[in-house]
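Be aware that the sequence shown starts at 4, since it is given in our numbering, and climbs by one per residue. The block underneath contains the structure these notes are about, expressed in structure tokens.
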Amino acid sequence: MTPMTIQLIDKGEIRVRDEINPLGPDPFETQALGRAALTALAYPGRVIGCDAALAGLLRTFVPTGTRLHLDPAFEAAGVAGPDGARPVGPERATVAAAPAARAAIILPALPRGTLLHPEEGALLIVMVAGLAEAEGGPRYRVSRGAAGGRTRDLSVTGLPDGFVAARAAATADYPLGVDILLVDETTGRLAGLPRHVRLAHGEE
């Protein structure tokens, strides 16, 4: 059993690729977190019960040699990437992590892939203060397809005012874009925002 990384490709298809990371301390942990994240990204806006922490998610998504960008706020707090990660600026990152307050700042700089290789768009892990389905906190609407398509309401606490616009710009040229995994820093619950879905403020 080996850690898994997840790639989102055209039409929202999710591809799982096994990665051998001899430095990973617990392959069972990485497999469980990988499955939870896969579920979150497969069902956009659904809150997935989990006990995720940033360190565990980085071990799951950052096998040896992966280009990782940690927001300076994490570095200042003493958070470090897994052994074997390649620290890079956001413009070269395969995986990036940021606190909610800085998510809109880092989004514009992240790789979005190319038409030949849309899977090279980055995965951004965002640590938020609260995460729930349509209860409490600022409300967002996650929708698939054209107007009238399936929607789900998601309550997220801590995202900055510019996040929705920054994400819209980062996913405007689908299948290019950035995939986002929201993580409740208190409960460890997850919610996925893959690049093919639309995010709006709840009243829109």
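Ideal Cβ positions, reconstructed from N, Cα and C, are used throughout, including at glycine. Computed from a predicted model, the values in this text were never measured in an experiment.
Where the alpha helix (DSSP H) containing residue i begins and where it ends
i, result
"I208", "One cannot answer for residue 208 here, as it falls past the ends of the chain, which runs 4 to 207."
Host beta strand (DSSP E) of residue i (start-end)
i, result
"R144", "142-146"
"R201", "201-204"
"R153", "R153 -> no beta strand (DSSP E), and no H or E assigned at all."
"L134", "133-135"
9 Å Cβ cutoff met for residue i and residue j
i, j, result
"I51", "A194", "yes"
"L134", "I183", "no"
"Y143", "G191", "no"
"A58", "A40", "no"
"P121", "P197", "no"
"A132", "A103", "yes"
"L113", "V186", "no"
"L71", "V98", "yes"
"H199", "R147", "yes"
"R201", "V145", "yes"
"E188", "R49", "no"
"D164", "I109", "no"
Local conformation of residue i per DSSP, three classes
i, result
"V50", "coil"
"P75", "helix"
"V65", "coil"
"L41", "helix"
"A99", "strand"
"G124", "strand"
"T33", "helix"
"G92", "coil"
"V167", "helix"
"G27", "Residue placement at G27 is poorly supported in this model, since its pLDDT is 47, which falls under 50; the coordinates still yield a value, given next. Here G27 sits in coil by DSSP."
Any non-hydrogen atom of the ligand GDP within 8 Å of residue i CB
i, result
"L179", "Here there are no bound small molecules, and the ligand GDP is not part of this structure."
Quick check on the DSSP output: what are the complete beta strand (DSSP E) runs of length 3 or more inside the stretch 170-199, in order along the chain?
182-187, 193-196
Using 8 Å as the cut-off, can you tell me whether the stretch 85-97 makes contact with the stretch 151-168, which would need three or more C-beta pairs spanning the two stretches below that distance?
no
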